[in-house]
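Numbering (my numbering), first residue to last: 1494 to 1935.
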C-alpha cells in the first residue's frame, strides 16, 4: 500500500531527502508522494523512512491503495536495477522475524497424544565423557576500514591571496574584542532598550555576552514591557504639545494613554507572532525590531561590531522520530553542505564548514561492503560577486555508485554563502574533514 501525506503537513521538508526512491516532492500546498515510486521502503528499511522522520506524523498509510510485499519489492527492483536486494531484503512486513525471513505460517492443531504406556525402567549405562564443545559460529568478517591516503598537495584557486591561511588567520585573529566588566554590566542594565534592536544584532550580542543574564528573547520581552510605559508617555507629550499642558490634568488625557497602550499591545503581538501563532519556543522565535528599533539598529551596528563576531550559526536540523539511522540529523546536513558557521573578524569573514564524516545507514546489501567512516571529499572554491561558492564531491567510486541511487545520500553538494560586503580574495585550509576559508573584505 502506498504511503500518503495528509493536509496537516507543515512543509518542513524532512521527509523528502530520506526517501530512497525520490518519490516525495513539494506539492501545492503540501508535500506529496508519487504512488508509482513509493515502495514503503521495502528493500531498504524495516520501517517507512518518511514516517520515521516526520515531526507531526502526517505520513500515513493510504487505505485506498493496498499492495502486497511482492509487488513492492518488484517495484523497488525495477526502480533500482543496479541494486541486488537478495531474498532477505529488509521490509516492515518482516519486522521482528528471525534473519529478516517471513514468519512461518501457523500449523494445524495436532491431535492430543495418546496416553503413554508404562514401561520398565531401563538399566543405566555408563556415560562417556563429552567431547570439548566447538565454537558455535565463526566470527563475522571485520568491516572494511577507510583507507588513509597521504595528504594531497594544497589546492589553489582563482582570487586566492598570496599569503598562507595561517598568516592570514593571524592577521585577522579575533572575531571581536573582549568585553570589559563595565560594558557587560551596561548591556545587562540596558536590556529594555537593547531589546528594541533587530533580531540578528541581539543574537550576535547574545553570542558575545555568553551569559544567561542577556538573551535575545529576554531583552525583547523586557522591551515590550518597556514600550507599554513608553508609548503612553509619548502620546501624553504629543497631547500636551498640541493642546497645552493643562490637558494632562483633564479626563481627555485618558484617550491618549489608551492609544499608547493599544499601540504597544499591537506591536507586542506582532513581535511575538512566532510564539503566539507559530507555537515556537523562545529559542526558535525571531523577534522583529520595535517601531524605533530599526533606525536605532543602524547606529548600534557600528558600536556593537567590535564585540560581535558570529554571523551565522549551524542550523538545528528538524528533529522528529528517533531511531537507528535518524538520531544524528547533523550528519545528514553535512552531506548537503549545510553545516557551516560564518564569523566576522573585522577585515575578513571566517567560514568553517564540516564535511561528511560517517557513512549513512542506507539499508541495502552493498552497504556492508563499505567502511563506517566516510572517505575524504574533493572540493572547489570560487568567488562570484559577493558570494563564496563551495562545491564538495565524494570521489570514491564505490560510494558514488551506491549514493547515486539513494535520494538521502547525494554524492556531491554546492553551497553558496552570501556576504553583505564586497570581498576581494580568500585563503583556505582543509584538514580532518573541516574546511576553513578566510574571506577578505574589499
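Ideal Cβ placement from N, Cα and C applies to all residues, glycine included. A quick note: this is a predicted structure, and the numbers were derived from the prediction, not measured.
Proximal residues to residue i (C-beta, below 6 Å), its chain only, five neighbours per side dropped
{"i": "residue 1922", "result": "1658, 1929"}
{"i": "residue 1849", "result": "1827, 1828, 1867"}
{"i": "residue 1775", "result": "1710"}
{"i": "residue 1882", "result": "1875, 1909"}
{"i": "residue 1890", "result": "none"}
{"i": "residue 1650", "result": "1874"}
{"i": "residue 1917", "result": "1933, 1935"}
Bridge partner(s) assigned by DSSP for residue i
{"i": "residue 1526", "result": "1517"}
{"i": "residue 1920", "result": "1931"}
{"i": "residue 1910", "result": "1881"}
{"i": "residue 1552", "result": "1498"}
{"i": "residue 1841", "result": "1933"}
{"i": "residue 1866", "result": "1851"}
Collapsed DSSP secondary structure at residue i in the structure displayed
{"i": "residue 1928", "result": "strand"}
{"i": "residue 1896", "result": "helix"}
{"i": "residue 1729", "result": "helix"}
{"i": "residue 1664", "result": "helix"}
{"i": "residue 1766", "result": "helix"}
{"i": "residue 1885", "result": "strand"}
{"i": "residue 1503", "result": "coil"}
{"i": "residue 1874", "result": "strand"}
{"i": "residue 1847", "result": "strand"}
{"i": "residue 1582", "result": "coil"}
{"i": "residue 1735", "result": "helix"}
{"i": "residue 1510", "result": "helix"}
{"i": "residue 1785", "result": "coil"}
{"i": "residue 1749", "result": "helix"}
{"i": "residue 1835", "result": "strand"}
{"i": "residue 1575", "result": "coil"}
{"i": "residue 1777", "result": "coil"}
{"i": "residue 1905", "result": "strand"}
{"i": "residue 1653", "result": "strand"}
{"i": "residue 1562", "result": "helix"}
{"i": "residue 1772", "result": "coil"}
{"i": "residue 1537", "result": "coil"}
Own chain residues within Cβ distance below 8 Å of residue i, not counting five before or after
{"i": "residue 1555", "result": "1494, 1495, 1496, 1497, 1528"}
{"i": "residue 1524", "result": "1498, 1502, 1504, 1506, 1508, 1509, 1517, 1518"}
8 Å contact criterion, which residue i and residue j should meet: CB distance rounded
{"i": "residue 1926", "j": "residue 1905", "result": "No, residue 1926 and residue 1905 are not in contact; Cβ-Cβ is about 15 Å, not under 8 Å."}
{"i": "residue 1499", "j": "residue 1546", "result": "16 Å between Cβ atoms; not a contact."}
{"i": "residue 1760", "j": "residue 1784", "result": "6 Å"}
{"i": "residue 1833", "j": "residue 1852", "result": "About 21 Å separates the two Cβ atoms, so there is no contact after all."}
{"i": "residue 1542", "j": "residue 1512", "result": "6 Å"}
{"i": "residue 1789", "j": "residue 1690", "result": "6 Å"}
{"i": "residue 1713", "j": "residue 1753", "result": "So it is not a contact: roughly 19 Å between Cβ atoms."}
{"i": "residue 1843", "j": "residue 1698", "result": "Not confirmed; about 19 Å, so no contact."}
{"i": "residue 1660", "j": "residue 1919", "result": "At roughly 13 Å, the Cβ-Cβ gap does not stay under 8 Å, so residue 1660 and residue 1919 are not in contact."}
{"i": "residue 1933", "j": "residue 1787", "result": "30 Å between Cβ atoms; not a contact."}
{"i": "residue 1892", "j": "residue 1863", "result": "6 Å"}
Same chain only: Cβ atoms within 7 Å of residue i, ignoring 5 sequence neighbours per side
{"i": "residue 1741", "result": "1729, 1733"}
{"i": "residue 1612", "result": "Reliability of the predicted coordinates at residue 1612 is poor, the pLDDT of 48 falling under 50, and the value obtained from them is presented with this limitation in mind. No residues qualify anywhere along the chain."}
{"i": "residue 1911", "result": "1879, 1880"}
{"i": "residue 1501", "result": "1549, 1551"}
Counting only runs of 4+ residues fully inside the stretch 1672-1731, write out the alpha helix (DSSP H) ranges in chain order.
1674-1682, 1684-1687, 1692-1702
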